[in-house]
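Count the sequence shown with this note's numbering and you get residues 92 to 469, in order.
Glycine residues also receive a C-beta, built at the ideal position from the N, C-alpha and C atoms.
Shown next, in structure tokens, is the structure this report addresses.
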Amino acid sequence: MRHPLPAAAHRLKQDVFPMYDIRFFRASKEIKDDIVAGRYSAKDAPALAARLDAVRDPKPFVFNMETTNYCNMTCVMCPRTTLMDRKNIWIDDAVFETVLDQVRTHSQTEIEDFWKYIETTYHVSYQQPDENAFYFYVVSRCLILHGYGEPLLDKKIVDRVRSCSSRNIPTYFSCVPANLTVERAREVMEAGLSVLKFSMDGLSDEMQKRVRGKRNNFDESFQTILDIIELKREKGYQTLLVPTMIALSEDDEAKAMHQEFLKLWEGRPVFAYVKSQDNRWYHEEDQDLSNRSHYQSQYCEYPWTSLTVMADGSVVPCTQDYNVEMVLGNVREQSLEEIWNGKPYADLRRWHVEGTFPDGHKCSGRCDQKKVCGYLKA
Numbered sequence: 092m093r094h095p096l097p098a099a100a101h102r103l104k105q106d107v108f109p110m111y112d113i114r115f116f117r118a119s120k121e122i123k124d125d126i127v128a129g130r131y132s133a134k135d136a137p138a139l140a141a142r143l144d145a146v147r148d149p150k151p152f153v154f155n156m157e158t159t160n161y162c163n164m165t166c167v168m169c170p171r172t173t174l175m176d177r178k179n180i181w182i183d184d185a186v187f188e189t190v191l192d193q194v195r196t197h198s199q200t201e202i203e204d205f206w207k208y209i210e211t212t213y214h215v216s217y218q219q220p221d222e223n224a225f226y227f228y229v230v231s232r233c234l235i236l237h238g239y240g241e242p243l244l245d246k247k248i249v250d251r252v253r254s255c256s257s258r259n260i261p262t263y264f265s266c267v268p269a270n271l272t273v274e275r276a277r278e279v280m281e282a283g284l285s286v287l288k289f290s291m292d293g294l295s296d297e298m299q300k301r302v303r304g305k306r307n308n309f310d311e312s313f314q315t316i317l318d319i320i321e322l323k324r325e326k327g328y329q330t331l332l333v334p335t336m337i338a339l340s341e342d343d344e345a346k347a348m349h350q351e352f353l354k355l356w357e358g359r360p361v362f363a364y365v366k367s368q369d370n371r372w373y374h375e376e377d378q379d380l381s382n383r384s385h386y387q388s389q390y391c392e393y394p395w396t397s398l399t400v401m402a403d404g405s406v407v408p409c410t411q412d413y414n415v416e417m418v419l420g421n422v423r424e425q426s427l428e429e430i431w432n433g434k435p436y437a438d439l440r441r442w443h444v445e446g447t448f449p450d451g452h453k454c455s456g457r458c459d460q461k462k463v464c465g466y467l468k469a
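Quick look at the structure:
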């Protein structure tokens with residue numbers, strides 16, 4: 092099987108695979124099939140919750156760490172633009188290092204067996220770049236270093252990548268290329284960044300500015316990426332470059348633009364794909380957009396597979412908690428394992444199965460993903 096990261100990176104970094112619990116993903120397959128097939132009813136919820144917890148790893152996996160929530164963009168699809176009211180900060184160095192010291196690992200054998208399982212079971216291949224391939228083959232082995240902020244605005248992002256590299260932790264972050272210079276790219280690639288993702292949502296300056304704000308552009312950003320591709324070739328950097336476009340619409344004009352975007356990268360050494368839109372609840376008119384991700388025909392597994400650490404040290408269930416509403420603990424006060432196995436997390440998992448979310452809870456009203464409880468018969 093071809094590896095999702097270049098061969099040299101594969102040899103150097105295969106002893107560490109943070110991200111999400113790939114063991115749970117496999118161990119819960121039979122349970123998942125029964126849930127989606129409607130074989131459970133509401134009265135089975137307690138037994139089902141126990142069954143899911145029985146295959147949950149008692150030690151957590153870190154999905155991502157938000158190093159800052161500062162952002163200089165005004166993206167139309169992001170709730171941060173109009174709804175986020177928490178203070179802008181950078182993560183404390185001690186908090187960052189504390190989390191790194193607790194990052195879980197997968198062995199090389201485990202991750203490669205997982206990739207084989209994904210290709211055999213779900214027929215998702217790395218050879219056909221799309222968001223599922225990115226999630227299973229790339230995200231499964233990297234610690235994400237972004238949240239509701241622009242990682243390039245973190246003045247210590249290079250040091251943070253280097254700190255991860257010193258622990259053999261593969262890293263990935265997504266950025267707006269208008270914030271990126273070739274020199275900055277050189278710094279993060281030299282520091283050992285495993286994956287650098289570029290967010291582009293239009294093929295003209297006008298469209299880029301309309302989607303992400305006046306500081307954005309297309310022509311200059313595209314040239315910057317081409318220059319980075321050339322720099323990577325010249326220096327032999329092993330960073331996987333990932334240009335991506337979010338599908339904000341699926342009319343004929345949008346589909347044509349998506350194809351034109353993909354053609355821009357044909358023959359170039361990148362992993363380019365078109366991504367389904369997150370936070371569709373934020374724009375009601377977009378809720379009917381098809382979701383091509385693996386969650387389309389199943390349910391949210393975050394409560395059982397991984398956690399997210401925000402810039403203030405708060406632990407939340409996933410990347411969708413833009414305002415840090417669902418706090419399950421804080422790494423300044425508890426270990427990740429204590430938080431993962433604590434009562435707040437147990438309650439969250441139970442709510443996902445029973446559907447007994449407190450009034451106004453984000454999971455029940457401001458989230459695109461289906462929940463386990465949505466599949467249980469009355």
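- The residue among N432, C458, V463, G433 with its C-alpha nearest the C-alpha of T447 is V463.
- Contact between the segment 186-198 and the segment 261-273 is absent: fewer than three C-beta pairs spanning the two stretches fall below 8 Å.
- Excluding five sequence positions before and after S254, the CB atoms of its chain that fall closer than 8 Å to its own CB belong to F187, E188, L191, given in chain order.
- Secondary structure at G465: helix, using DSSP grouped into helix, strand and coil.
- The beta strand (DSSP E) runs of length 3 or more contained entirely in the segment 304-378 are, from start to end of the chain, 331-338, 364-367.
- Counting only runs of 3+ residues, the beta strand (DSSP E) found wholly inside the segment 147-195 occupies 153-156, in chain order.
- Taking 8 Å as the cut-off, the Cβ atoms of C166 and V302 count as close.
- Our two residues, A140 and R440, have alpha carbons roughly 7 Å apart in a direct line.
- Leaving aside the five residues that flank D125 on each side, the residues in its chain whose CB is nearer than 8 Å to its CB run, in chain order, Y131.
- Residue range 120-127 is occupied by the alpha helix (DSSP H) that includes K120, with no beta strand (DSSP E) assigned at that position.
- The beta-carbon distance between Q314 and N307, rounded to whole angstroms, is 14 Å. This is too long to meet the 8 Å contact definition.
- One Cα belongs to V273, the other to V365, and the distance between them is close to 24 Å.
- Shortest Cα-Cα distance from D310 to any of D296, S397, L322 involves D296.
- Burial check for A145: the Cβ neighbour count within 10 Å stays below 16, so the residue is exposed.
- The three-state reading of DSSP puts T399 in strand, counting E and B together.
- K461 is not a Cβ neighbour of E416, given a cutoff of 8 Å.
- Judged by beta-carbon spacing, I430 lies beyond the 8 Å limit of V407, meaning their Cβ atoms are not closer than that value.
- About 7 Å separates the Cβ atoms of A363 and T335, confirming a contact at the 8 Å cut-off.
- Judged by DSSP in its simplified three-state form, T410 adopts coil rather than helix or strand.
- DSSP, reduced to helix, strand and coil, places F264 within a strand of the structure shown.
- Beta-bridge partners assigned by DSSP to K288: S265, V333.
- With 16 or more other CB atoms across the displayed protein chains lying within 10 angstroms of its CB, Y436 is buried.
- The beta-carbon separation of L244 and N155, rounded to 16 Å, does not stay under the 8 Å limit for a contact.
- A direct Cα-to-Cα measurement between Y213 and Q199 gives close to 21 Å.
- With contacts defined by Cβ atoms closer than 8 Å, Q193 and L355 do not form a contacting pair.
- Annotated as distal: L331 and V249, with beta-carbon spacing of 8 Å or more.
- The Cβ atoms of Q350 and V127 lie no closer than 8 Å to each other.
- With respect to the 8 Å criterion, A282 and I319 are not classified as neighbours on the basis of their beta carbons.
- Bridge pairing for I235: N155, Y263 [DSSP].
- Distances from the alpha-carbon of D221 to those of I337, T396, Y208 put I337 closest.
- When W395, V444, Q411 are compared, the shortest CA-CA separation from F116 is found for W395.
- Between S397 and Y111, the C-beta spacing is below 8 Å.
- The distance from the Cβ of Y413 to that of R171 is about 5 Å, consistent with a contact at the 8 Å cut-off.
- Between the alpha carbons of Q425 and K178 lies a gap of roughly 22 Å.
- Bounds of the alpha helix (DSSP H) holding G456 are 453-456.
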